[in-house]
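Chemist:
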Amino acid sequence: MMSVQQFSPPPRWLPIRLLFGGLVAAVVLLLTQNRSLSTLFAWDVPGPGLWVRCGSSLIVLVTALLLAMSVGLAAGQLARRLGSRMEMFIALLGRALACLPIAAIAWGFIGGWIGHLGWPVETLLPAQLPEAAGTWQTMLARSLWEFLAPALVLALPLCGEAIQCVITDATATADLDFSLRARGVTQSSRLWVHHLRQLLPLLRVRMQSLCLIAPVYLIIVEDVLRFMGWGGWLAQSIRGGDVTGIAFGFITGGAMMALLCVCLFVLRGRLKSSSSFMPALAWHPWFLWALGVMSLPNMSVVCWLILWLAVLVADSAAWHQAWNSIEDQLPIDAARVLGASEGMIWIRHIAPVQFRMLVAWVCTIVAQTLLWTAVACAVKPRLLDELADPLAQWYRSLTITSMRDAAQTLADPSALLRAGGCIALVALCLIQVSRIVQPRPT
Numbered sequence: 015m016m017s018v019q020q021f022s023p024p025p026r027w028l029p030i031r032l033l034f035g036g037l038v039a040a041v042v043l044l045l046t047q048n049r050s051l052s053t054l055f056a057w058d059v060p061g062p063g064l065w066v067r068c069g070s071s072l073i074v075l076v077t078a079l080l081l082a083m084s085v086g087l088a089a090g091q092l093a094r095r096l097g098s099r100m101e102m103f104i105a106l107l108g109r110a111l112a113c114l115p116i117a118a119i120a121w122g123f124i125g126g127w128i129g130h131l132g133w134p135v136e137t138l139l140p141a142q143l144p145e146a147a148g149t150w151q152t153m154l155a156r157s158l159w160e161f162l163a164p165a166l167v168l169a170l171p172l173c174g175e176a177i178q179c180v181i182t183d184a185t186a187t188a189d190l191d192f193s194l195r196a197r198g199v200t201q202s203s204r205l206w207v208h209h210l211r212q213l214l215p216l217l218r219v220r221m222q223s224l225c226l227i228a229p230v231y232l233i234i235v236e237d238v239l240r241f242m243g244w245g246g247w248l249a250q251s252i253r254g255g256d257v258t259g260i261a262f263g264f265i266t267g268g269a270m271m272a273l274l275c276v277c278l279f280v281l282r283g284r285l286k287s288s289s290s291f292m293p294a295l296a297w298h299p300w301f302l303w304a305l306g307v308m309s310l311p312n313m314s315v316v317c318w319l320i321l322w323l324a325v326l327v328a329d330s331a332a333w334h335q336a337w338n339s340i341e342d343q344l345p346i347d348a349a350r351v352l353g354a355s356e357g358m359i360w361i362r363h364i365a366p367v368q369f370r371m372l373v374a375w376v377c378t379i380v381a382q383t384l385l386w387t388a389v390a391c392a393v394k395p396r397l398l399d400e401l402a403d404p405l406a407q408w409y410r411s412l413t414i415t416s417m418r419d420a421a422q423t424l425a426d427p428s429a430l431l432r433a434g435g436c437i438a439l440v441a442l443c444l445i446q447v448s449r450i451v452q453p454r455p456t
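Take any residue in the sequence shown, note its place counting from 1, add 14, and you have its number in my numbering.
#1: Which residues does DSSP list as the beta-bridge partners of Leu139?
#2: Looking only at its chain, what residues have a beta carbon closer than 6 Å to the beta carbon of Arg49, apart from the 5 residues adjacent to it on each side?
#3: Look up Pro25 in the DSSP assignment and give the residues it is bridged to.
#4: Who are the near neighbours of Leu232 in its chain, counting only those whose CB is closer than 7 Å to its CB and skipping five residues on each side?
#5: Could you give the C-beta distance for Leu32 and Cys275, rounded to a whole number, given that I count them as a contact under 8 Å?
#6: Over what stretch of residues does the alpha helix (DSSP H) that includes Arg218 continue unbroken?
#7: Under the three-state reduction of DSSP, which class applies to Val389: helix, strand or coil?
#8: Apart from the five residues on each side of it in sequence, which residues of its chain come closer than 8 Å, Cβ to Cβ, to Ala186?
#9: Which runs of the alpha helix (DSSP H), 4 residues or longer, sit entirely within the region 325-382?
#10: Just verifying my parser: in three-state terms, what is the DSSP assignment at Val315?
#11: Do you know whose CA, among Gly125, Leu64, Pro62, lies nearest Ala429's CA?
#12: Comparing alpha-carbon positions, which option in Gly435, Gly86, Ile364 lies nearest Leu385?
#13: Quick one: is Arg454 buried, meaning 16 or more other Cβ sit within 10 Å of its Cβ, or exposed?
#14: How is Gly255 classed by DSSP in three states: helix, strand or coil?
#15: Roughly how far, in whole angstroms, is the beta-carbon of Gln452 from the beta-carbon of Met371, given that I think they are within contact range, below 8 Å?
#16: Could you tell me the distance, in whole angstroms, from the CA atom of Gln382 to the CA atom of Leu143?
#17: How far does the alpha helix (DSSP H) with Ser448 in it extend, from its first residue to its last?
#18: Which of the three DSSP states is assigned to Asp399 in this structure?
#19: Using a Cβ-Cβ cutoff of less than 7 Å, which residues in the same chain neighbour Pro164 once the five nearest sequence positions on both sides are dropped?
#20: To the nearest angstrom, report how far apart Val85 and Ala176 are at their CA atoms.
#21: Which word fits Gly97, buried or exposed, when buried means at least 16 other C-beta atoms lie within 10 angstroms of its C-beta?
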């Protein structure tokens with residue numbers, strides 16, 4: 015989950031950075047694991063082939079991101095029309111949806127759709143139709159549902175992220191309602207023309223942030239639904255500790271993220287790119303890289319340290335941007351003019367703000383670590399051995415390691431939903447505390 019109370023513009027040439035970053039990460043991984051770079055050219059992907067898998071996953075990702083953006087815009091604009099209290103309530107619902115572990119969403123979908131309703135999922139339980147129904151309309155419907163099922167599951171947490179981002183970013187736009195009402199502009203035009211025109215550049219940055227997270231979620235979704243795509247193949251490589259396969263996953267994952275970020279340039283409006291070092295470091299798929307590295311056998315001792323560092327680096331630019339915005343408004347120069355010492359300035363003006371930011375930062379880091387730990391344990395159940403109770407009990411219900419566990423979850427998904435609900439509730443509470451404590455520029 016993103017820290018939506020902060021905002022960090024991306025660096026220049028983001029797609030090229032993602033593409034080059036995936037290649038560098040793959041080379042570093044191979045060299046540190048004493049593998050030759052020639053293995054990248056000699057290694058083969060099991061059928062249906064790497065490019066077909068990447069193409070299938072791209073279709074799922076584009077569908078899920080478009081659905082999330084559409085729902086986020088519709089819900090955010092509707093909430094703005096209903097008033098500030100409704101905006102706060104819908105934003106809270108969006109954060110709650112974004113805090114749900116993706117493994118709980120995927121297995122909950124299967125348990126409800128197949129286990130309770132008995133409805134088909136083409137990659138798990140195909141629909142049983144009479145032979146006379148084998149027309150082109152039926153084949154088209156099967157193909158569409160094969161792609162729509164993972165896209166809909168993936169879109170659920172992304173919709174939560176998009177809703178809260180649209181509502182949060184609405185406060186950063188200029189409030190033109192009074193002047194537009196005085197000119198006789200209707201409410202619909204104020205929302206969908208003037209307000210949306212200011213919101214689109216911010217939304218594009220948010221969607222680019224989601225492009226760095228969505229492929230990691232897709233790994234679990236495709237693995238659970240047995241979808242023949244990039245994510246399902248990479249999940250098998252991570253689970254088997256295949257270094258070459260993980261390196262291929264870094265390269266192809268970076269290429270897909272770069273392509274998605276390029277496609278988002280169709281949105282109108284553009285923000286000034288950041289030229290500082292922090293965004294250049296933070297705007298990379300650190301969670302994908304951490305998930306691949308921490309699953310290696312020789313990294314079992316420091317696996318959770320790797321995940322924590324990934325969370326820390328991914329959020330560094332946003333927190334740095336937030337501190338710069340607040341520091342510019344502190345009365346430091348006025349205090350110096352009045353004769354205050356540097357120590358008194360730090361105690362009276364800087365330290366209280368930094369303490370509040372530290373508390374908000376710790377709450378956000380802990381919440382995101384809880385959620386990404388659920389992702390790591392779902393992909394690599396062996397990581398549960400490195401956790402202590404009660405965390406191990408929570409995450410054990412989210413890991414399906416055998417056909418017996420899958421059958422039990424289909425029959426009674428209550429344990430999985432309780433574990434996912436507990437993790438989501440703790441993460442949501444921490445995010446809310448972070449939002450309350452975090453100082454904001456006026």
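Just so you know, even glycine gets a beta-carbon here, dropped at the ideal spot from N, CA and C.
Modeler: According to the data block:
#1: Val135, per the DSSP bridge assignment.
#2: Closer than 6 Å at Cβ, skipping near neighbours: Val257.
#3: According to DSSP, which records beta bridges pairwise, Pro25 is partnered with Ser288.
#4: Ser71, Val74, Leu75, Leu168, Gly245, listed in sequence order.
#5: Right, the Cβ-Cβ distance comes to about 7 Å (below 8 Å), so this counts as a contact.
#6: Per DSSP, the continuous alpha helix (DSSP H) segment holding Arg218 begins and ends at 210-239.
#7: DSSP places Val389 within a helical segment (H, G or I) once states are collapsed to three.
#8: Closer than 8 Å at Cβ, skipping near neighbours: Phe21, Leu216.
#9: Those alpha helix (DSSP H) runs which fall completely within the region 325-382 and span 4+ residues are 346-351, 356-359.
#10: Per DSSP, reduced to three states, the secondary structure at Val315 is coil, with no helix or strand assignment.
#11: Nearest in C-alpha terms to Ala429, of all of Gly125, Leu64, Pro62, is Gly125.
#12: Comparing alpha carbon positions, the residue from Gly435, Gly86, Ile364 closest to Leu385 is Gly435.
#13: In this structure Arg454 is exposed. Its beta-carbon is surrounded by fewer than 16 other beta-carbon atoms within 10 angstroms.
#14: Here Gly255 sits in coil by DSSP.
#15: Contact check for Gln452 and Met371: beta-carbon distance about 7 Å, within the 8 Å limit, so the pair qualifies.
#16: If I take the Cα positions, the gap works out to 44 Å.
#17: Boundaries of the alpha helix (DSSP H) harbouring Ser448: 428-451, taken from the DSSP string.
#18: Helix, per DSSP.
#19: A distance below 7 Å between beta-carbons, with the five flanking residues on each side excluded, links Pro164 to the following residues of its chain, in chain order: Val74, Val235, Glu236, Leu239, Phe241.
#20: Each residue's Cα considered, the two are about 8 Å apart.
#21: With fewer than 16 Cβ atoms within 10 Å of its Cβ, Gly97 is classed as exposed.
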